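Structure, as structure tokens:
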Amino acid sequence: MYEGKVTHRALNQLSFEVEKGEFLAVMGPSGSGKTTLLNLISTIDTLTAGEILIDGVDPHGLDKNELALFRRHKLGFIFQDFNLLQMLTVEENMVLPLTLDYVPTDEMARRVLELARKLGLESLLHKRPNEISGGEAQRTAIGRALIHHPSLILADEPTGNLDSKASRDVLELLKSVSEESGATIVMVTHDPIAASYCDRVLFIKDGEFFNEIYSDERRQTFYQKILNVLSLLGGNVNDLSAARLP
Amino acid sequence: MTFRQLAYRNVFRNRRSYAAFFLASVFSVMVFFVYSMFIFHPLFAEDGLQQLAVRGMFIAEVVLYIFTLFFLFYSMSAFLQARSKEFGILMHLGMTKKQLNKLIFFETMILGTVSTVAGIALGFAFSKFFFMIGREIMELEALPLYVSWKPFALTIGAFASLFIIISFVSVAFVRTKGILDLLQGYWKTEEITQSSKWLSALGFVLLAIAYALAAMVSDSTVYTMAFIIPPIATLGTYLFFTHSIHSLLQLYKRRRGVYWHKTRLVAIAEASVKLKDSAQMFFIVTIVSTVAFLTVGTLASFMSYTGDFRESNPLGLIYISFNGNSEEREHVDRLISQLEGKELEYDMVPLIVKRQTSTLSGNDVDIVRTSDFNRLALTLGFNPVYPQSGEGIFIPYSQESLEELGEVSVETRLMESDIDLSIDEVYPHVMFPVNTVNFNSIVVNDSDYAAIDEPLAGFGDGESTFTYYAFDIPDWEETVSVGKELTGIMQQAVVQEDFRDLNFFFVNPGEDYRLFKSSFAILLFIGVMVAAVFLLAAGSFIYFKLYTGLERDRRQYSLLVRLGMTEKELGKIVNRQLMPQFFLPWGVALLHSTFAFISLQVVWDEFAELSILGEMVFVLSGFTIAQILYFFLIRWRYIEHLRAS
Chain A
24 MYEGKVTHRA LNQLSFEVEK GEFLAVMGPS GSGKTTLLNL ISTIDTLTAG EILIDGVDPH
84 GLDKNELALF RRHKLGFIFQ DFNLLQMLTV EENMVLPLTL DYVPTDEMAR RVLELARKLG
144 LESLLHKRPN EISGGEAQRT AIGRALIHHP SLILADEPTG NLDSKASRDV LELLKSVSEE
204 SGATIVMVTH DPIAASYCDR VLFIKDGEFF NEIYSDERRQ TFYQKILNVL SLLGGNVNDL
264 SAARLP
Chain B
81 MTFRQLAYRN VFRNRRSYAA FFLASVFSVM VFFVYSMFIF HPLFAEDGLQ QLAVRGMFIA
141 EVVLYIFTLF FLFYSMSAFL QARSKEFGIL MHLGMTKKQL NKLIFFETMI LGTVSTVAGI
201 ALGFAFSKFF FMIGREIMEL EALPLYVSWK PFALTIGAFA SLFIIISFVS VAFVRTKGIL
261 DLLQGYWKTE EITQSSKWLS ALGFVLLAIA YALAAMVSDS TVYTMAFIIP PIATLGTYLF
321 FTHSIHSLLQ LYKRRRGVYW HKTRLVAIAE ASVKLKDSAQ MFFIVTIVST VAFLTVGTLA
381 SFMSYTGDFR ESNPLGLIYI SFNGNSEERE HVDRLISQLE GKELEYDMVP LIVKRQTSTL
441 SGNDVDIVRT SDFNRLALTL GFNPVYPQSG EGIFIPYSQE SLEELGEVSV ETRLMESDID
501 LSIDEVYPHV MFPVNTVNFN SIVVNDSDYA AIDEPLAGFG DGESTFTYYA FDIPDWEETV
561 SVGKELTGIM QQAVVQEDFR DLNFFFVNPG EDYRLFKSSF AILLFIGVMV AAVFLLAAGS
621 FIYFKLYTGL ERDRRQYSLL VRLGMTEKEL GKIVNRQLMP QFFLPWGVAL LHSTFAFISL
681 QVVWDEFAEL SILGEMVFVL SGFTIAQILY FFLIRWRYIE HLRAS
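Heads up: the sequence lines are chains A and B, in that order. The opening residue of the first sequence carries number 24 in the working numbering; numbering runs sequentially from there. The opening residue of the second sequence carries number 81 in the working numbering; numbering runs sequentially from there.
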């Protein structure tokens with residue numbers, strides 16, 4: 024449960040587990056509490072009741088300093104607007120989480136190169152964020168979220184600012200990361216297409232659990248199922264993408 | 081909402097970003113108004129010290145006007161540039177360029193009106209206080225407050241004209257760029273422009289040359305150098321901030337082992353962006369601070385002149401009577417009676433000085449006999465001297481001459497009276513002020529003195545001797561107005577540059593001291609106020625730059641917090657990127673000033689023979705403390721703002 028400035032329970036009676044290596048999408052209409060949920064898991068918002076366990080640890084019992092270290096080691100972040108530091112190069116943005124931890128320079132350089140190959144960023148390592156495209160910027164952000172091998176990656180509308188081609192690239196990348204490296208990903212999204220890449224979709228409404236569905240083999244049918252739940256969910260129809268899966 | 085209301089609301093709601101340079105303009109208006117109050121004061125119509133004050137303040141007003149014009153010019157351009165996104169939206173919504181100009185014009189005029197009114201109000205409120213300072217400094221009996229329309233009219237006239245100029249000019253700042261460019265806003269300009277290797281090197285070379293020249297300045301070159309060094313140093317400073325420093329950072333960044341370490345990555349990258357983005361601002365702040373340091377430093381060094389005064393002027397009063405002075409007795413009696421009237425203790429020692437020509441140099445020498453000299457020395461609490469027959473002792477005329485003459489040893493002959501003398505000693509105290517004594521003055525044994533019987537070549541007996549009345553007065557500062565008539569006659573002769581009818585010479589060091597002290601204090605007072613305006617303006621540039629970048633910084637910090645940066649690490653980053661912004665321009669200005677004062681010392685050595693080191697250290701450390709306080713104040717505000725998210 025969470026209380027904001029205006030006392031209002033943004034989340035209530037919500038309980039779920041995420042498996043190690045699972046790629047989970049959280050969907051819900053505007054105001055349903057998706058962002059609050061993400062902020063709570065990111066430890067930048069505080070709980071008024073209940074608990075969150077990550078790797079068996081409740082980060083909300085930690086002090087400020089320990090929290091920072093917790094985020095630094097256990098969590099990776101991907102944002103809608105990429106949030107890259109403009110003054111750093113692609114490569115420097117990626118190593119940022121490592122620099123804080125006295126990781127040897129050779130090791131950092133090795134990891135950057137390895138990730139850059141996987142993300143297709145090898146030729147862009149010395150560019151600044153304002154010299155690359157949105158898709159490239161988001162791939163850089165994914166690199167930053169992966170470089171320190173976090174237990175949990177939190178993605179907030181990662182495709183919200185991308186065109187469909189770049190979105191597809193990013194989602195396929197996330198999926199392969201989750202499958203190959205066993206990274207656990209929680210992604211908040213509005214977009215049923217994005218959600219259809221996940222293993223499971225969790226729907227919330229007015230801060231409460233509404234429904235959850237699991238992916239079967241085919242993405243097309245999963246997408247259809249998601250749309251069905253969304254129409255049941257009601258909310259603002261304009262929030263939903265009316266597009267058919269390409 | 082009317083158009084004017086829009087303008088008014090823009091100013092009022094942007095007050096936080098306007099705050100620093102609004103403060104600087106208000107302060108500038110206030111100082112200007114206070115000076116005007118002095119200038120138009122009825123008491124200041126008199127001659128003398130007041131005249132000096134009026135002249136100094138008038139110059140200060142001109143300086144303030146010009147400086148404020150440039151200051152506002154620069155601030156407005158930076159401010160309007162920072163608001164380009166807002167203007168982009170307005171134009172996107174269909175505002176014409178003409179309307180936009182009108183909006184900016186209104187806004188500037190509102191800002192001008194408010195600062196002028198606030199400045200005058202503050203100035204008037206504090207004028208009593210400033211008059212008190214002025215009265216103390218000029219040692220006036222009273223400096224009453226007065227009411228006149230003149231200072232108001234001058235200040236309003238000056239600043240109205242100034243803001244009208246700025247209003248028209250600032251309209252031109254919003255270049256007719258495309259709406260798209262405007263919409264992208266201010267921070268879009270965060271590009272990596274490569275700094276030129278050659279210009280970077282040139283920056284260092286020019287600074288090195290300027291410093292080397294300043295350090296090597298000599299008596300003969302100082303005036304030429306005064307025109308050569310400043311342009312070199314200015315250009316060097318410009319290149320230093322626009323290129324050299326970035327090349328240095330570039331080199332640093334190449335060393336990953338050092339750069340990719342803890343908070344350094346973010347801190348250095350951030351600091352270099354800020355330094356690059358504000359290179360021109362840093363250049364301006366550096367130059368302005370240097371000028372402020374130099375102004376106050378130079379004026380403070382005048383004050384050290386008064387500090388040395390007593391050492392070079394141990395006598396209370398000096399009256400010298402030359403041949404044909406019929407009023408000698410009368411003048412001396414009157415001085416004595418005036419001293420007694422003021423109940424001042426005194427000892428008077430008359431010295432009969434003989435003049436002869438030295439064969440060695442061909443110059444004439446003033447000769448005092450041991451018994452007279454020792455009487456005066458003992459009165460002043462100095463040791464007596466006992467030269468043998470055929471020996472002479474130099475009489476020093478300044479602290480520096482003490483050292484110089486100490487190394488001189490001469491064999492000479494007094495031409496007219498054929499007396500051989502060997503002189504290889506100097507009396508260890510300055511007794512006679514520099515303007516009352518011949519540079520070639522010696523003490524000789526009484527018998528040698530008696531043997532001087534021939535007049536100075538080409539002169540009569542009377543012209544070959546004169547009487548030097550030396551007064552020792554323990555309360556020497558109290559002698560103000562003693563011998564007023566004599567001082568008056570002396571001054572007249574000085575003004576008319578005609579000393580022919582003058583057969584006496586009178587010096588009242590106590591009065592001179594008061595005059596020196598007051599005039600230097602006035603100049604220092606004026607200078608400090610102007611320097612304060614300069615420094616406040618320089619500070620407001622820094623504040624303004626920080627403020628316009630705040631939104632972006634805030635986003636960046638919240639990201640860093642998410643990525644797991646601890647508060648301590650964030651604090652480190654804030655420090656590391658704020659410090660160069662505050663202390664780099666200031667440090668360079670300090671270095672500039674130090675070298676400038678090294679060359680200035682040469683001028684002073686030539687002029688007044690005194691050391692300005694102590695005053696310099698005092699002035700520069702004063703500014704340092706002020707800057708550190710300002711840093712902590714801004715850091716505190718900045719961190720509060722960042723946390724607010």
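We put the CB at the ideal spot given by N, CA and C, even for glycine. Note that this is a predicted model, so its numbers are computed, not measured.
Handout entry: Buried or exposed by the 16-neighbour rule on C-beta atoms within 10 Å, applied to Lys-268 of chain B
Key = Counted from its first residue, the second sequence places residue 268 of chain B at position 188. Note that Lys-268 of chain B scores 48 on pLDDT, short of 50, meaning its location in the model is unreliable; the coordinates nonetheless yield the value given after this. That one is exposed.
Practice task
Hey, could you find the ends of the beta strand (DSSP E) Lys-228 of chain A is sitting in?
Solution key: Along the first sequence, one-based indexing puts residue 228 of chain A at 205. For Lys-228 of chain A, the enclosing beta strand (DSSP E) stretches over residues 223-228.
Handout entry: Residues near Lys-150 of chain A in its chain [Cβ-Cβ closer than 6 Å; skip 5 each side]
Key = Residue 150 of chain A sits at position 127 when you count from the first residue of the first sequence. Listed in chain order, the non-local C-beta contacts of Lys-150 of chain A below 6 Å within the same chain comprise Val-113, local neighbours out to five positions each way being set aside.
Exercise for the section: Tell me Asp-446 of chain B's beta-bridge partners as DSSP assigns them. Expected result: Residue numbering aside, residue 446 of chain B sits at position 366 when the second sequence is read from its first letter. The partner list for Asp-446 of chain B (beta bridge, DSSP) reads B:Arg-435, B:Ser-521.
Practice task
Can you tell me the Cβ-Cβ gap for Ile-170 of chain A and Arg-642 of chain B, rounded? I've got them flagged as a contact below 8 Å.
Solution key: As a position in the first sequence, residue 170 of chain A is number 147, starting the count at 1. As a position in the second sequence, residue 642 of chain B is number 562, starting the count at 1. That belief does not hold up - the Cβ atoms of Ile-170 of chain A and Arg-642 of chain B are roughly 15 Å apart, past 8 Å.
Handout entry: Proximity winner among B:Phe-624, B:Glu-695, B:Tyr-332, relative to Arg-95 of chain B (alpha-carbon distances)
Key = As a working note, residue 95 of chain B is residue 15 in the second sequence. Looking at the Cα atoms, B:Phe-624 is the closest of the given residues.
Practice task
Look up Met-270 of chain A in the DSSP assignment and give the residues it is bridged to.
Solution key: The structure shown does not extend to residue 270 of chain A, since chain A is modelled only from 24 through 269, so no value can be given for it.
Problem - Ala-201 of chain B in three-state terms, based on DSSP - result: Here residue 201 of chain B refers to the residue found at position 121 when the second sequence is read from its first residue. In the structure shown, Ala-201 of chain B sits in a helix (DSSP, three-state: H, G or I).
Exercise for the section: Check whether the stretch 144-158 of chain B touches the stretch 101-120 of chain B, taking contact to mean three or more Cβ pairs, one atom from each stretch, closer than 8 Å. Expected result: The stretch 144-158 of chain B is in contact with the stretch 101-120 of chain B.
Problem - N- and C-terminal bounds of the beta strand (DSSP E) containing Leu-397 of chain B - result: Within the second sequence, numbered from 1, the residue matching residue 397 of chain B stands at position 317. Leu-397 of chain B -> beta strand (DSSP E) spans 397-401.
Handout entry: Test: Leu-345 of chain B CB closer than 7 Å to a CB of chain A
Key = Translated into the one-based positions of the second sequence, residue 345 of chain B becomes position 265. Any Cβ of chain A closer than 7 Å to the Cβ of Leu-345 of chain B would place that residue at the interface, and such an atom is present.
Problem - Short Cβ contact (7 Å threshold) for Phe-586 of chain B with Val-523 of chain B - result: Start at 1 with the first residue of the second sequence, and residue 586 of chain B comes out as number 506. Start at 1 with the first residue of the second sequence, and residue 523 of chain B comes out as number 443. No, the pair does not count as a contact, with Cβ atoms beyond the cut-off.
Practice task
Name the one or two DSSP bridge partners that Leu-471 of chain B has.
Solution key: On the second sequence, residue 471 of chain B is found 391 positions in, with the first residue counted as 1. At residue 471 of chain B the sequence reads Glu, which differs from the Leu that was named. DSSP lists B:Ser-502 as partners of Glu-471 of chain B.
Practice task
Please classify Phe-248 of chain B: is it buried, with 16 or more other beta-carbons within 10 angstroms of its beta-carbon, or exposed?
Solution key: In the second sequence, residue 248 of chain B corresponds to position 168, counting from 1. Looking at its Cβ environment, which holds fewer than 16 other Cβ atoms inside 10 Å, Phe-248 of chain B is exposed.
Handout entry: Members of the stretch 154-176 of chain B that neighbour chain A once the beta carbon cut-off is set at 7 Å
Key = Going along the stretch 154-176 of chain B in chain order, one finds no residue with a Cβ nearer than 7 Å to chain A.
Handout entry: Beta carbon proximity, Lys-652 of chain B to chain A, threshold 7 Å
Key = Within the second sequence, numbered from 1, the residue matching residue 652 of chain B stands at position 572. It does not; no Cβ of chain A falls within 7 Å.
Handout entry: Three-state secondary structure (DSSP) of Leu-540 of chain B
Key = Along the second sequence, one-based indexing puts residue 540 of chain B at 460. The residue you asked about is not Leu; residue 540 of chain B is Gly in the sequence shown. For Gly-540 of chain B, the three-state secondary structure derived from DSSP is coil.
Problem - For Glu-695 of chain B, the first and last residue of its enclosing alpha helix (DSSP H) - result: Within the second sequence, residue 695 of chain B is the residue found at index 615, counting from 1. For Glu-695 of chain B, the enclosing alpha helix (DSSP H) begins and ends at 693-723.
Practice task
Compute the Euclidean distance between the alpha carbons of Val-80 of chain A and Leu-34 of chain A, then round it to the nearest angstrom.
Solution key: Residue 80 of chain A sits at position 57 when you count from the first residue of the first sequence. Residue 34 of chain A sits at position 11 when you count from the first residue of the first sequence. Going from the Cα of Val-80 of chain A to the Cα of Leu-34 of chain A covers about 21 Å.
Practice task
Quick one: which residues of the stretch 44-68 of chain A get their C-beta closer than 7 Å to a C-beta of chain B? List them in chain order.
Solution key: Of all residues in the stretch 44-68 of chain A, Ser-65, Ile-67 have a Cβ within less than 7 Å of some Cβ in chain B.
Exercise for the section: Would you identify the three-state DSSP class for Val-41 of chain A, choosing helix, strand or coil? Expected result: Walking along the first sequence from the start, residue 41 of chain A turns up at place 18. Secondary structure of Val-41 of chain A (DSSP, three-state): coil.
Handout entry: Within chain A, the residues that Trp-78 of chain B reaches when beta carbons sit closer than 9 Å
Key = Here chain B comprises residues numbered 81 to 725, so residue 78 of chain B is not present and cannot be evaluated.
Exercise for the section: Tell me whether the beta-carbon of Phe-113 of chain B lies closer than 7 Å to the beta-carbon of Gly-203 of chain B. Expected result: Taking the second sequence and counting its residues from 1, the one referred to as residue 113 of chain B is at position 33. Taking the second sequence and counting its residues from 1, the one referred to as residue 203 of chain B is at position 123. Yes, the Cβ-Cβ distance between Phe-113 of chain B and Gly-203 of chain B is below 7 Å.
Handout entry: Residue range of the alpha helix (DSSP H) that includes Gly-158 of chain A
Key = Along the first sequence, one-based indexing puts residue 158 of chain A at 135. Where Gly-158 of chain A is concerned, the enclosing alpha helix (DSSP H) stretches over 157-169.
Exercise for the section: Enumerate in chain order the residues of its own chain whose CB-to-CB distance from Met-189 of chain B is below 6 Å, with the five nearest sequence positions on each side excluded. Expected result: What you label residue 189 of chain B is simply residue 109 of the second sequence in a count that begins at 1. For Met-189 of chain B, where only same-chain residues beyond five positions count, the Cβ hits under 6 Å are Ser-247.
Handout entry: Every unbroken alpha helix (DSSP H) within the stretch 324-363 of chain B, with a cutoff of 4 residues, ordered by chain
Key = Listed in chain order, the alpha helix (DSSP H) elements of length 4 or more contained wholly in the stretch 324-363 of chain B are 325-334, 336-339, 344-357.
Practice task
Kindly indicate which residue of A:Ala-218, A:His-172, A:Glu-180 has the alpha-carbon position closest to the one of Gln-161 of chain A.
Solution key: Reading the first sequence from its first residue, position 138 is the one you call residue 161 of chain A. Here the closest residue by C-alpha is A:Glu-180.
Handout entry: Helix, strand or coil at Ala-222 of chain B according to DSSP, with G and I counted as helix
Key = Within the second sequence, numbered from 1, the residue matching residue 222 of chain B stands at position 142. The answer is coil: DSSP assigns Ala-222 of chain B none of H, G, I, E or B.
Problem - As assigned by DSSP and simplified to three states, the class of Pro-665 of chain B - result: On the second sequence, residue 665 of chain B is found 585 positions in, with the first residue counted as 1. DSSP, read as helix, strand or coil, puts Pro-665 of chain B in helix.
Practice task
Could you name the residues of the stretch 349-378 of chain B whose beta carbon sits closer than 8 Å to any beta carbon of chain A, in the order they occur along the chain?
Solution key: Across the stretch 349-378 of chain B, CB contacts with chain A closer than 8 Å involve Ala-349, Glu-350, Ser-352, Val-353, in sequence order along the chain.
Problem - CA-to-CA distance, Arg-635 of chain B to Val-135 of chain A, given in whole angstroms - result: Residue numbering aside, residue 135 of chain A sits at position 112 when the first sequence is read from its first letter. Residue numbering aside, residue 635 of chain B sits at position 555 when the second sequence is read from its first letter. Using only the alpha carbons, I get a separation of about 25 Å.
Handout entry: Cutoff 7 Å: Arg-336 of chain B Cβ touching any chain A Cβ
Key = Taking the second sequence and counting its residues from 1, the one referred to as residue 336 of chain B is at position 256. Interface residue, yes.
Practice task
Please say whether Pro-122 of chain B and Asn-393 of chain B have beta carbons closer to each other than 7 Å?
Solution key: Counting from one through the second sequence, the residue named residue 393 of chain B turns up at place 313. Counting from one through the second sequence, the residue named residue 122 of chain B turns up at place 42. With contacts defined as CB atoms closer than 7 Å, Asn-393 of chain B and Pro-122 of chain B fail to qualify as a contacting pair.
Problem - Contact under 7 Å by Cβ, Leu-709 of chain B with Phe-551 of chain B - result: Working through the second sequence from its first residue, we reach residue 709 of chain B at position 629. Working through the second sequence from its first residue, we reach residue 551 of chain B at position 471. The answer is no: Cβ separation not under 7 Å.
Handout entry: Closer than 8 Å at the beta carbon, the chain A residues around Thr-646 of chain B
Key = Here residue 646 of chain B refers to the residue found at position 566 of the second sequence. Around Thr-646 of chain B, the beta-carbon contacts reaching into chain A at under 8 Å are Lys-87, Asn-88, Ala-91, Leu-92.
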